[in-house]
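In full-length UniProt numbering, the protein residues as written are 1 to 136.
Worksheet: the structure to be examined is printed underneath.
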Amino acid sequence: LVAQHPTSSVVGKKSTIDEHMPEAHQYQNYKWTPERIMSWGNAIGASTENVVQQLMLKQKHPAQAFNSCLGILNLSRRYGDARLEQACQDALMAEKPYYGFIKNLLEHHREGKLVSDPTTTPNIQHRNVRGPDSYH
Numbered sequence: 001l002v003a004q005h006p007t008s009s010v011v012g013k014k015s016t017i018d019e020h021m022p023e024a025h026q027y028q029n030y031k032w033t034p035e036r037i038m039s040w041g042n043a044i045g046a047s048t049e050n051v052v053q054q055l056m057l058k059q060k061h062p063a064q065a066f067n068s069c070l071g072i073l074n075l076s077r078r079y080g081d082a083r084l085e086q087a088c089q090d091a092l093m094a095e096k097p098y099y100g101f102i103k104n105l106l107e108h109h110r111e112g113k114l115v116s117d118p119t120t121t122p123n124i125q126h127r128n129v130r131g132p133d134s135y136h
């Protein structure tokens, strides 16, 4: 037995003690901070920063969102800052600021193709299309 400590009785609360973690894992807690991650997101663009901020705000502790945030930010290495920023803008518009949604947009070259205003559909004029007076 290396270490023993009580299990947390509060649902969702972690009881890990940093000293009990492997050294490589302890370092990760100090390597990234919310400010550093937000700064990286801001360097890419306002929408990317907004996505990262929303992910951190959804968690009880911002560190619980670090993996998702870093995953999104690392997409810029493969797809570039401009495409990631557009995908994040689309994700915010669709109210789906998640890693999977953003990655899917980028993989399938769908960023920038979401319609921002659903009322931009043209009014179709055709003899088979009835107007509002036809319905009661």
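Ideal Cβ placement from N, Cα and C applies to all residues, glycine included.
Note that the structure is a prediction, hence the values are computed from the model and not measured.
Q: For Q64, name the three-state secondary structure that DSSP assigns.
A: Taking the sequence shown and counting its residues from 1, one reaches residue 64 at position 64. The answer is helix: DSSP assigns Q64 an H, G or I state.
Q.
So within the stretch 74-130, which uninterrupted alpha helix (DSSP H) runs reach at least 4 residues, ignoring any that extend past its ends?
A. Unbroken alpha helix (DSSP H) runs of no fewer than 4 residues, entirely contained in the stretch 74-130, are found at 81-93 and 99-107, following chain order.
Q | For Q54, three-class secondary structure by DSSP | A | Residue numbering aside, residue 54 sits at position 54 when the sequence shown is read from its first letter. In the structure shown, Q54 sits in a helix (DSSP, three-state: H, G or I).
Q: Would you mind giving the Cβ-Cβ distance between G45 and E85, rounded to the nearest angstrom? I have them listed as a contact below 8 angstroms.
A: Here the question's residue 45 lines up with position 45 in the sequence shown. Here the question's residue 85 lines up with position 85 in the sequence shown. Indeed, because the Cβ distance is near 3 angstroms, the residues count as touching under 8 angstroms.
Q: Counting only the same chain and skipping the five closest in sequence on each side, list residues whose C-beta sits under 6 angstroms from that of W40.
A: To locate residue 40, count along the sequence shown from 1; it is residue 40. Contacts found: L73.
Q: Helix, strand or coil for P22, going by three-state DSSP, please let me know.
A: Position 22 of the sequence shown, counting from 1, holds the residue named residue 22. Residue state, collapsed to three classes: coil.
**Q.** Nearest-angstrom Cβ-Cβ length linking L75 and K103, presumed shorter than 8 angstroms
**A.** The residue labelled residue 75 in the question sits at position 75 within the sequence shown. The residue labelled residue 103 in the question sits at position 103 within the sequence shown. Right, their Cβ atoms sit about 6 angstroms apart.
**Q.** D90, buried or exposed, once every other Cβ within 10 Å from all chains shown has been counted against 16
**A.** Translated into the one-based positions of the sequence shown, residue 90 becomes position 90. With 16 or more Cβ atoms within 10 Å of its Cβ, D90 is classed as buried.
Q: Report the rounded CA-to-CA distance for A87 versus Y99, giving the unit in angstroms.
A: If you number the sequence shown from 1, residue 87 lands on position 87. If you number the sequence shown from 1, residue 99 lands on position 99. One Cα belongs to A87, the other to Y99, and the distance between them is close to 10 angstroms.
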